[in-house]
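Heads up: the sequence lines are chains A and B, in that order. For what it's worth, the numbering used here labels the leading residue of the first sequence as 1, then goes sequentially. For what it's worth, the numbering used here labels the leading residue of the second sequence as 1001, then goes sequentially. Don't be surprised by glycine CBs; every beta carbon is placed ideally from N, CA and C. All figures in this text were calculated on a predicted structure; none of them were measured in a lab. A short write-up of the structure that comes next.
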Amino acid sequence: MHELFDHTADLGLRATAPTVNELFAEMGRALLASMVEDPSSVRAEVSERIEIAGADREYLLFDWLKELLLRFETERVLFAEFDVTVSATGLSAVARGEPHDESRHALAHEVKAITYHELKVVERDGGWLAEAIVDI
Amino acid sequence: MKSAFSGPLEHIGCNCHRIPKSYKAGMRVDGHIYASPTLLEQVRKDQAADQVANVATLPGIQVASIAMPDIHWGYGFCIGGVAATDPAEGGVICPGGIGYDINCGVRLVKTNLFLDDVKHRMKELVKALFHTVPSGAGRSGRYKFDTKETRRLMGEGPRFVVERDLGTLADLEHTEAGGFIDGGDPEQVSDHAVKRGAEQCGTLGSGNHFMEVQVVDSVYDADVARAFGLELNQVCVMIHSGSRGLGYQVCDDALAAFRNCTTKYGIELPDRQLVCAPAESPEGKKYIEQMRAAANYGFCNRQLLMQQAREVFADVFGRSWEDLGMEQLYDVAHNIAKLEEHTVEGVKKQVWVHRKGATRAFPAGHPEVPEAFRAVGQPVIIPGDMGRASWVLVGAPGAMEKTFGTTCHGAGRAMSRMAAKADAVGRKIEKELEQKGVIAMASSRFGLAEEQPKAYKNVDDVVETVHDADLSRRVARMRPLGVIKG
Chain A
1 MHELFDHTAD LGLRATAPTV NELFAEMGRA LLASMVEDPS SVRAEVSERI
51 EIAGADREYL LFDWLKELLL RFETERVLFA EFDVTVSATG LSAVARGEPH
101 DESRHALAHE VKAITYHELK VVERDGGWLA EAIVDI
Chain B
1001 MKSAFSGPLE HIGCNCHRIP KSYKAGMRVD GHIYASPTLL EQVRKDQAAD
1051 QVANVATLPG IQVASIAMPD IHWGYGFCIG GVAATDPAEG GVICPGGIGY
1101 DINCGVRLVK TNLFLDDVKH RMKELVKALF HTVPSGAGRS GRYKFDTKET
1151 RRLMGEGPRF VVERDLGTLA DLEHTEAGGF IDGGDPEQVS DHAVKRGAEQ
1201 CGTLGSGNHF MEVQVVDSVY DADVARAFGL ELNQVCVMIH SGSRGLGYQV
1251 CDDALAAFRN CTTKYGIELP DRQLVCAPAE SPEGKKYIEQ MRAAANYGFC
1301 NRQLLMQQAR EVFADVFGRS WEDLGMEQLY DVAHNIAKLE EHTVEGVKKQ
1351 VWVHRKGATR AFPAGHPEVP EAFRAVGQPV IIPGDMGRAS WVLVGAPGAM
1401 EKTFGTTCHG AGRAMSRMAA KADAVGRKIE KELEQKGVIA MASSRFGLAE
1451 EQPKAYKNVD DVVETVHDAD LSRRVARMRP LGVIKG
């Protein structure tokens, strides 16, 4: 489950999931929801492999979202579906989506960057919760 | 999450409120927040004041962690924050104190047209601007530079585009720092950043960025207005944008590169987003070289935006832009750090002045004020919201004494984006603006809702506060006639 939350001039992304792997996938979907008006308009037509090293879960989440944003910015690909495996040393993921098509994907915001501010990955109520603030 | 600030804010005169060092462990100096009694109520509503206190913990910070009356809650630094650090005292450079949008700023272009010349043509003019000037998320522009050219552009600043007939040398003279910040090194900017910026020079972007056609609504200081070439009912163009994806990526790269610096240099921070490095450290020096190069890109971006506006006006009015008197009044950054000389406790020092949503406001006589304005002071351009007003101010001596030569940068948000969007449900913002005499076009449906006038504080209140505190003085109030947004 994911949602966007208020942060004055910016936006917050929040996700909850039973496992860390699903949590990272949900945060990928939350990022998409901040970028496009209708996330369901993005089809899983291309797939890309993403590998990120890092032991700190919060920095790993930051790097994960940053990588998805960078791929949109430089390759114009929007990602909608994710299989993520988080290990003690990093993550390995397959992200599926499609190139941005102006006729079908109305962009909602230009996400400038992911921030460290109040970045969170915590265990809660037998599951996991993540939060990140993105700069608009 | 958005709790009110319950800490001390002690009035110490001239609209300045103090957060004493004792408020939080680790504060090296007091916090100073400039706000009128009305604006202070809004300051208390969220944790922006706590962020002012956090900034006061930065190593080498001088005098106070300062915030302008358009302060609002940011990430790390508050928006409207000013911090000067002394490199000789281990002072740090803090990417979060500059922001992702390095050299976000404002440019004001004059015309010799008056309200009566344009009022019946506003729809046509706004439509032409909207279709010519690329705006909106991730949009690329008509000027495409390959990676080699993008690096050259960062190395040379807007001179690079002016040499290609996209402006004049007078434009450069009327830009902060003459349109070129020395000491940048484009080779230090990552390939990712260059790739993000290569096709975006000359594009507005999204969020609060805009291009507006405005009219001088009131003149407050006739002598300074004359020196600036502004008069009642004159039409101007205001441009608000920054360094696009290139700047965002430079900041991003620095945040990653600085991750281990806090441990390496023994810096304790209350918020990870304040991650920093001593300005004289290898990491600090590298970021400064990147940041300066990105700032030069920002000046180029606004130069190309202005040039497109000039071409549209020429098309619509059937006269050349020179004939329309489209001279640049000034261009000033409000997200930047500059090494400047300031007098601290009677001693002249070179300090790193971080301005995060705050504008340089040098007074008359300062050597960095262009010769044309040196007798009156630096023009300060303050964008407001799209329904009410924007302002032209002039730098004042009080800024040198109290705020490291700095004043406010805008209206400051009063409502969050989501609240503003919810508030706009069922309303037609374009129609409401049209009834007020403003023609607005935006590329995103959310754009107008999130940026509606109500989402901002009243810029007139913000400007009154800085005027009364002598940080800058009122020259002219500008009313919007036409707006294009991302």
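Asked                                                                                                                                                                                       : Found
Assuming the contact rule is C-beta atoms closer than 8 angstroms, Cys1549 (chain B) and Asn1296 (chain B) should be a hit. Round their C-beta distance to whole Å, please.                 : Coverage of chain B is limited to positions 1001 through 1486, which leaves residue 1549 (chain B) absent and any answer about it impossible.
Can a CB atom of chain A be found closer than 8 angstroms to the CB of His1131 (chain B)?                                                                                                   : no
For Met1326 (chain B), which three-state DSSP category applies?                                                                                                                             : coil
Helix, strand or coil for Lys1097 (chain B), going by three-state DSSP, please let me know.                                                                                                 : It should be noted that the sequence gives Gly, not Lys, for residue 1097 (chain B). It is helical.
By DSSP, does Ile1484 (chain B) sit in helix, in strand, or in coil?                                                                                                                        : strand
Suppose the cutoff is 7 angstroms on Cβ atoms and the five residues either side in sequence are ignored; what does the same chain contact list for Ser1339 (chain B) look like?             : Note that residue 1339 (chain B) corresponds to Leu in the displayed sequence, not to Ser. Gln1350 and Trp1352.
Using Cβ-Cβ distances below 9 angstroms, what residues of the segment 1417-1433 of chain B are close to chain A?                                                                            : Arg1417, Met1418 and Ala1419
In chain order, which continuous runs of the beta strand (DSSP E) of length 3 or greater are located wholly inside the segment 11-63 of chain A?                                            : 46-53
Residues of the segment 87-121 of chain A with a CB closer than 9 angstroms to any CB of chain B: list them in chain order, please.                                                         : His100, Ala106, Leu107, Ala108, His109, Glu110, Val111, Lys112, Ala113, Ile114, Thr115, Tyr116, His117, Glu118 and Leu119
Listed in chain order, which residues of the segment 66-82 of chain A have Cβ atoms closer than 8 angstroms to some Cβ of chain B?                                                          : Lys66, Leu70, Phe72, Glu73, Thr74 and Arg76
Give me the chain B residues within the contact set of Glu37 (chain A), using Cβ-Cβ distance strictly less than 9 angstroms, ordered along the chain.                                       : Ser1444, Arg1445 and Phe1446
On the CB-based measure, 16 or more other CB atoms within 10 Å of its CB, does Cys1408 (chain B) come out buried or exposed?                                                                : buried
Assuming Gln1328 (chain B) and Val1161 (chain B) are in contact, meaning their beta carbons sit under 8 angstroms apart, how far apart are those beta carbons, in whole angstroms?          : Not really, about 13 angstroms apart at Cβ, beyond 8 angstroms.
DSSP three-state label for Tyr1297 (chain B), please.                                                                                                                                       : helix
Suppose you measure from the CA of Arg1374 (chain B) to the CA of Gly1486 (chain B); what does that come to, to the nearest Å?                                                              : 36 angstroms
Asp1101 (chain B) touches chain A at which residues, Cβ-Cβ below 7 angstroms?                                                                                                               : Lys112
Does any residue of chain B have a CB that is nearer than 8 angstroms to the CB of Ile52 (chain A)?                                                                                         : no
Report the residues of the segment 8-20 of chain A with a CB closer than 9 angstroms to any CB of chain B, ordered along the chain.                                                         : Thr8, Ala9, Asp10, Leu11 and Gly12
Just to confirm before moving on: does the CB-CB distance between Ile1093 (chain B) and Tyr1287 (chain B) stay below 8 angstroms?                                                           : yes
If contacts are defined as beta-carbon pairs under 8 angstroms, then Val1462 (chain B) and Gly1395 (chain B) qualify, I think. What distance do you get, rounded to the angstrom?           : Their Cβ separation, rounded to whole angstroms, is 16 angstroms, which puts Val1462 (chain B) and Gly1395 (chain B) out of contact at 8 angstroms.
Quick one: using the 10 Å Cβ neighbour count with 16 as the cut-off for buried, is Thr1263 (chain B) buried or exposed?                                                                     : exposed
At the 8 angstroms Cβ level, is Gly1091 (chain B) part of the contact set with chain A, yes or no?                                                                                          : no
Which same chain residues end up closer than 6 angstroms to Tyr1248 (chain B) when comparing Cβ atoms and leaving out the 5 residues on each side of it in sequence?                        : Tyr1100
Would you call the segment 1381-1389 of chain B in contact with the segment 1363-1372 of chain B, where contact means no fewer than 3 C-beta pairs closer than 8 angstroms?                 : no
Which word fits Asn1054 (chain B), buried or exposed, when buried means at least 16 other C-beta atoms lie within 10 angstroms of its C-beta?                                               : buried
Using the Cα positions of Pro1480 (chain B) and Ala1455 (chain B), report the straight-line distance between them to the nearest angstrom.                                                  : 16 angstroms
To the nearest angstrom, how far is it from the Cα of Thr1150 (chain B) to the Cα of Gly1197 (chain B)?                                                                                     : 8 angstroms
Per DSSP, which one or two residues make a beta bridge with Cys1104 (chain B)?                                                                                                              : Cys1104 (chain B) pairs with nothing; no bridge assigned.
What are the boundary residues of the alpha helix (DSSP H) that includes His1467 (chain B)?                                                                                                 : Val1459 to Asp1468
Listing by chain order, which chain A residues have their CB less than 9 angstroms from the CB of Asp1271 (chain B)?                                                                        : Tyr116, His117 and Glu118
Excluding the 5 residues flanking Val1466 (chain B) on each side, which residues of the same chain have their C-beta closer than 6 angstroms to its C-beta?                                 : Thr1407, Cys1408 and Ser1472
Is the beta carbon of Ala25 (chain A) less than 8 angstroms from the beta carbon of Val77 (chain A)?                                                                                        : no
Could you have a look at Tyr1023 (chain B) and say whether DSSP puts it in helix, strand or coil?                                                                                           : helix
Compare the beta carbon distance of Ser1135 (chain B) and Ile1381 (chain B) with 8 angstroms and say whether it is the shorter of the two.                                                  : no
Contact between the segment 56-69 of chain A and the segment 97-117 of chain A is defined here as three or more beta-carbon pairs at a separation below 8 angstroms; is this criterion met? : yes
Within the 8 angstroms Cβ cut-off, does Val1275 (chain B) reach chain A?                                                                                                                    : yes
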